[in-house]
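Engineer: I have a structure here, written as structure tokens, and I will follow up with some questions on it.
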Amino acid sequence: MPDAELPRARWLHQRIEGAGAAALAALEAAVELWRVYVATWAGIVRRVARRRAHGRPRGELARQLYSIGNRSLVFIAVTLGFIGMVMTYEACLQLARVTGDFSQVGSQFLRLIISDFGPTLTGLMLATRVGAGIAAEIGSMKVTEQIDALRMSGVLPIDYLIVPRFIASLVMTLVLAVFGAVVMYTAGGLTAKYSFGVNLGLYFDASQVRARHVVLLVIKAIAFGAAIPVVAGFCGLRARGSSEGVGWATTAAVIGGSFAVIVLDFVISAAALFVTGGDL
Amino acid sequence: MTLDEPPPGVIAGIGAGALRVAQEIGGILLLTAEVVRALVAPRIDTRELWKNLYKMGNRSVPIVVLTALFAGGLMTLQTGPFVKKFGATALAGWAAGYAVLREMGPILIALMFSGRVGANNTAELSTMTVTEQLDGLRALAIDPVGFLVVPRVLAMMVTLVALTVIGDLVALLGAAVVAHAMLDIEWSTMFHSFADNLRPFDFLHGVYKSIAFGGAIAVSSCYFGVTVRGGAVGVGRAVNAAVVAAAVSIMLLDFLLTYLTG
């Protein structure tokens, strides 16, 4: 019965076509993201090789350092402070139910914060705040044709816009990760003291922290700091249309940045586990 | 937001910042009050509600599943080596499961939801606002809050709870996969460990947090969507402000709910 078979065949055909188109679009986006990343490094090399500031606004790097770093301080302090309090509270609650021995809380929490929670949660928060900011800014410039104007003036948009943000984000993510870890740990200590009566001298105990945990914090912070501006800049440069396009670009930057942080965190943690032979 | 020049004086800057934050909090609370009032004598556009439920719920499943898989795996990666060092593999599921169900699951899913759905919602509403479609609705005597905001708030609260339930289960699966593949802990050990050490209340704790997270994400994203000003630049800034406000309120609510309910 060919007449009855035809709609089903067409339905299947459409599904396969749709899946193929989605896969092709994803591949194309991945290639383009990679190009933006490579072009950013090329821009940094050009910037170093060519001493004279050519086609680059004065003080742009300082302005980006200020807007990515200083202006995120309160945001990072509030979010990581609260989550540090919650985590200590939950851990103490559970320990009180099982053993009632709080002597290990501080040292183990510090180990976890340095090797994972500090940089990762800071990265997630920056992916939201900084990633959305970069994508909104570059996306608005794209749809108002300022990017085309830059190209026409012989300035590479990636050198002019993404490179300063990339360098600023590399530096500031590391700084903010350390700051966030300190805030998180301190807030947790105060919660442990005032809610569960844990001795602060016992809590502030760095005996479980080893050099490899600090190395892990630095690697993670640098990886997140590199991923966030590249993903956000890529999304901004892809913005099309008008205000709707900017909205889409900003949304994509937040999702892409957060997801990149989570995946990178997983990959780096798993690699560290293999390198250290299961004794992290 | 990020292009702002440094303010002329430190104290003036702090004051201006505090005023802006106070204005935003007030605006969000006023919008919440309006939404609640619209719910008392339900004036909800059901077609809009179903459309949003599908768009926000079904279409977010892939990203939530992926995030949850990685989140569960991460928790095992962080707690597993410690548990293994003491030979207490029976507790591996306890540590990872407890962290996933009560904290990391709901928070990470809410953050991804805020990025995918909340930001998208702000983008959509603010585009409608700058193209004066909201004024058009008012001119037709249709209340924009009842027509646009209330269905979105309801849809986000419902879908975030549903996504958290799915995500929690997927995260536990991710934890077991990583435990099996990287730490050589048997599947059965892990699942018995989940079953023995996790209480239904741990699961519920995460779920009722996600109701609050959904409400907070929804109201803040709608607020920044309907108050936007100034074309494409304004839309970008509104989305940025909405995700920042959502992240702060998720952390704040998480702390309050954990502290108040244990």
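Those sequence lines, one after another, are chains L and F. Count along the first sequence from 1, add 1062, and you get the number used in the working numbering. Count along the second sequence from 1, add 78, and you get the number used in the working numbering. In this text, a Cβ means the ideal position worked out from N, Cα and C, and glycines have one as well.
In chain L, which residues lie less than 9 Å from residue 202 (chain F) when you measure between Cβ atoms?
Structural biologist: Chain L residues near residue 202 (chain F): 1306, 1309.
Engineer: Which residue from L:1092, L:1332, L:1104 puts its Cα closest to that of residue 255 (chain F)?
Structural biologist: Closest option to residue 255 (chain F), Cα to Cα, is L:1332.
Engineer: Where does residue 307 (chain F) fall in DSSP's three states?
Structural biologist: Three-state result, residue 307 (chain F): coil.
Engineer: Within the same chain, show all residues whose beta-carbon is closer than 6 Å to that of residue 1126 (chain L), passing over the 5 residues directly before and after it, in chain order.
Structural biologist: 1226, 1227, 1230.
Engineer: Put residue 93 (chain F) into one of helix, strand or coil per three-state DSSP.
Structural biologist: Helix.
Engineer: Would DSSP call residue 262 (chain F) helix, strand or coil?
Structural biologist: Reduced to three states, the DSSP call for residue 262 (chain F) is coil.
Engineer: From what residue to what residue does the alpha helix (DSSP H) around residue 1334 (chain L) run?
Structural biologist: Residue 1334 (chain L) -> alpha helix (DSSP H) spans 1305-1337.
Engineer: Could you tell me which chain L residues have their CB closer than 8 Å to the CB of residue 130 (chain F), listed as they occur along the chain?
Structural biologist: Simply none; closest approach about 16 Å.
Engineer: When the cut-off is 8 Å and only beta carbons count, does residue 1145 (chain L) lie next to chain A?
Structural biologist: The structure shown contains no chain A; its protein chains are L and F.
Engineer: Which bits of chain F does residue 1201 (chain L) rub up against, with CB to CB less than 7 Å?
Structural biologist: Within chain F, the residues near residue 1201 (chain L) are 314.
Engineer: Using beta-carbon positions only, say whether residue 1325 (chain L) and residue 148 (chain F) come within less than 8 Å of one another.
Structural biologist: Yes, the Cβ-Cβ distance between residue 1325 (chain L) and residue 148 (chain F) is below 8 Å.
Engineer: For the candidate residues F:144, F:92, F:146, F:227, whose alpha-carbon lies nearest to that of residue 117 (chain F)?
Structural biologist: Residue F:227 is the option with its Cα nearest to residue 117 (chain F).
Engineer: Determine whether the Cβ of residue 81 (chain F) lies closer than 8 Å to any Cβ atom of chain L.
Structural biologist: Residue confidence is low: residue 81 (chain F) scores 47 on pLDDT, short of 50, so the model does not pin down where it sits. No coordinate-derived value is stated.
Engineer: If you measure between the beta carbons of residue 263 (chain F) and residue 170 (chain F), is that distance less than 8 Å?
Structural biologist: Cβ distance < 8 Å, so residue 263 (chain F) and residue 170 (chain F) count as in contact.
Engineer: Shorter than 8 Å from the beta carbon of residue 1178 (chain L) to some beta carbon of chain F?
Structural biologist: Yes, its Cβ sits closer than 8 Å to a Cβ of chain F.
Engineer: Determine, using beta carbons only, whether residue 211 (chain F) comes closer than 8 Å to chain L.
Structural biologist: Closer than 8 Å: no.
Engineer: Residues of chain L with a CB under 9 Å from the CB of residue 330 (chain F): which are they?
Structural biologist: The answer, in chain order, is 1140, 1141, 1144.
Engineer: Mind checking residue 187 (chain F): buried by the 16 CB within 10 Å criterion, or exposed?
Structural biologist: By the 10 Å Cβ count, residue 187 (chain F) comes out buried.
Engineer: Suppose contacts are defined by Cβ-Cβ distances below 8 Å. Is residue 293 (chain F) in contact with residue 231 (chain F) by that definition?
Structural biologist: Contact: yes.
Engineer: Helix, strand or coil: which one does DSSP assign to residue 1261 (chain L)?
Structural biologist: Looking at residue 1261 (chain L) - three-state DSSP - the assignment turns out to be coil, as it is neither helix nor strand.
Engineer: Report the start-end ranges of each alpha helix (DSSP H) in the segment 1186-1253 of chain L that is 4 residues or longer and not cut off at the edges.
Structural biologist: You should have 1194-1205, 1208-1214.
Engineer: Residue 1346 (chain L) and residue 1188 (chain L) look like a contact to me (Cβ under 8 Å); what is the Cβ gap, rounded to whole Å?
Structural biologist: Residue 1346 (chain L) is absent from the structure shown; chain L starts at 1063 and stops at 1342.
Engineer: Name the chain L residues whose beta carbon is nearer than 8 Å to that of residue 126 (chain F)?
Structural biologist: Chain L residues near residue 126 (chain F): none, gap ~19 Å exceeds 8 Å.
Engineer: Distance, Cα to Cα, residue 1330 (chain L) vs residue 1284 (chain L)?
Structural biologist: Cα to Cα, the separation comes out at about 11 Å.
Engineer: Nearest to residue 310 (chain F) by CA position, among L:1197, L:1140, L:1097, is which residue?
Structural biologist: The candidate whose alpha carbon is nearest that of residue 310 (chain F) is L:1197.
Engineer: Let me know the secondary structure DSSP gives residue 204 (chain F) once reduced to three states.
Structural biologist: Three-state result, residue 204 (chain F): helix.
Engineer: Please classify residue 1271 (chain L): does DSSP put it in a helix, a strand, or coil?
Structural biologist: Residue state, collapsed to three classes: coil.
Engineer: Using a Cβ cut-off of 7 Å, pull out every chain F residue sitting near residue 1174 (chain L), in sequence order please.
Structural biologist: Going along chain F in sequence order, the residues near residue 1174 (chain L) (Cβ under 7 Å) are 156.
Engineer: Note down, in chain order, each residue of its chain lying with its Cβ closer than 6 Å to the Cβ of residue 1218 (chain L), except the 5 sequence neighbours on either side.
Structural biologist: Closer than 6 Å at the Cβ level, and outside the excluded window around residue 1218 (chain L), lies no residue.
Engineer: Using the three-state DSSP reduction, which class does residue 1176 (chain L) fall into: helix, strand or coil?
Structural biologist: Correct three-state label for residue 1176 (chain L): helix.
Engineer: Can you find a C-beta in chain L that's less than 8 Å from the C-beta of residue 234 (chain F)?
Structural biologist: It does not; no Cβ of chain L falls within 8 Å.
Engineer: State the start and end residues of the unbroken alpha helix (DSSP H) segment that holds residue 153 (chain F).
Structural biologist: It spans 139-163 - the alpha helix (DSSP H) in which residue 153 (chain F) sits, taken as one unbroken run.
Engineer: Does DSSP put residue 1165 (chain L) in a helix, a strand or coil?
Structural biologist: If DSSP states are grouped into helix, strand and coil, residue 1165 (chain L) belongs with coil.
Engineer: Looking only at its own chain, which residues have a Cβ that is under 7 Å from the Cβ of residue 1250 (chain L), when we skip the five neighbours before and after it?
Structural biologist: Here the set comprises 1146, 1147, 1149, 1150, 1171.
Engineer: If you compare alpha carbons, which of F:302, F:330, F:325 is closest to residue 56 (chain F)?
Structural biologist: Given a span of 79 to 340 for chain F in the structure shown, any question on residue 56 (chain F) remains unanswerable.
Engineer: Hey, does residue 1214 (chain L) have any beta-carbon neighbour from chain F nearer than 8 Å?
Structural biologist: No, because no Cβ of chain F sits closer than 8 Å to the Cβ of residue 1214 (chain L).
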